[in-house]
Each structure stands twice: as structure tokens, then as C-alpha cells.
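This report refers to the structure that appears directly beneath it.
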Amino acid sequence: MKIHTNDPVYRVVTVSMSGLVRELARIEPKLISLEGKAATAVTAQVKIFPVAVPDFNITDTTAKDGKHIDFSLEKQKDGAKPVFLLTVRNKKESPDRFFDTIIMTTDTTPKREIRVRVFGNILP
């Protein structure tokens, strides 16, 4: 990154940063793909495994658009560890493709979000 200054000797200073980014959660699979025939039940699921903070909760779940999907979130146990199961259902009744994103807010400090992309390919 370059910073422009009013110093006559150092008009431009180059600054670099590095750091360790810890993954908040592992998402399997990373993308939801809803592919199937129109007017049939098309669903998909992803599992969200807490990693950085072992026992966070998801306090809010919304869709960026939400016109073509319904979703539900359920907290379960995988042995002694918590896991969240996100189920997404297609609402689109006509053939088309669409994209959306499900945004989940956690109770971590500071508040962090988990985003899951959704791709729909509804066939005739």
C-alpha cells in the first residue's frame, strides 16, 4: 500500500502488513447447489463446524435476496462438538438460474459473519 504525504523528503511511503487469519468455521460443502426440475422439491444442506471459537452461536440468519429460497438452521452435536446444519430449499417454480447468499451472524466478539453462497439451476 502506498501512502502519500506532505513531507518533501518522503512524498510516498510504502507500507505492508501481514497477519494470521484464523478461520471462524469450516463449511462443508462451501457452496450450495440447488439443481433440479421446476415444481419439484430441490434441497441441499451444508454443515458448519466452529473452529476458531469452539462454542459460538448463530444469532441471526438472513438471505441477501431470498426471493427464490427458504432456509432453516439447526444446531446439533457431532460427538461433543457443536455443528450447525443449514438446509436450503428452492422456491422457484419456473426454469431459471439464480444466485443468492445466506448470511449468518455469530455471537462472537467482535461480531463475525459466515456467508454461504447459493446457486440455483432450475430445469424445465
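Numbers 5 to 128, taken from the working numbering, label the letters of the sequence shown in order. Heads up, the beta-carbon is just placed ideally off N, CA and C, and yes, glycines get one too.
Can you name the start and end residues of the beta strand (DSSP E) that residue i belongs to?
i: Ser37; result: Leu35 to Lys41
i: Thr18; result: Val16 to Thr18
Identify the residues that DSSP records as bridge partners of residue i: which are they?
i: Met108; result: Thr65 and Ile118
i: Thr44; result: DSSP output for Thr44 lists no bridge partner at all.
i: Val92; result: Ala48 and Phe75
i: Glu32; result: Lys51
Pull up the CB-CB distance for residue i and residue j, whole angstroms please, since I reckon it's below 8 Å.
i: Ile52; j: Ile31; result: 5 Å
Taking 6 Å as the limit between beta carbons, can you name the residues of its chain near residue i, skipping five residues before and five after?
i: Lys6; result: Val16 and Thr18
i: Ala43; result: Glu97
Please work out which residues of its chain come closer than 7 Å, Cβ to Cβ, to residue i, disregarding the five sequence neighbours upstream and downstream, and give them in chain order.
i: Thr91; result: Thr47, Gln49, Phe75 and Ser76
Enumerate in chain order the residues of its own chain whose CB-to-CB distance from residue i is below 8 Å, with the five nearest sequence positions on each side excluded.
i: Ser20; result: Met5
Requested in this report: Would you check if the region 94-103 and the region 54-66 touch, i.e. whether three or more CB-CB distances between them fall below 8 Å?
Outcome: The region 54-66, when compared against the region 94-103, does not touch it at the 8 Å Cβ threshold.
Query - At least three beta-carbon pairs within less than 8 Å, the region 15-35 to the region 108-125 - result: Yes, since at least three Cβ pairs between the region 15-35 and the region 108-125 fall closer than 8 Å, the two stretches touch.
Query raised in the report: Counting Cβ pairs, one atom from each stretch, are 3 or more of them under 8 Å apart for the region 66-85 and the region 102-117?
Result: Short answer: they touch.
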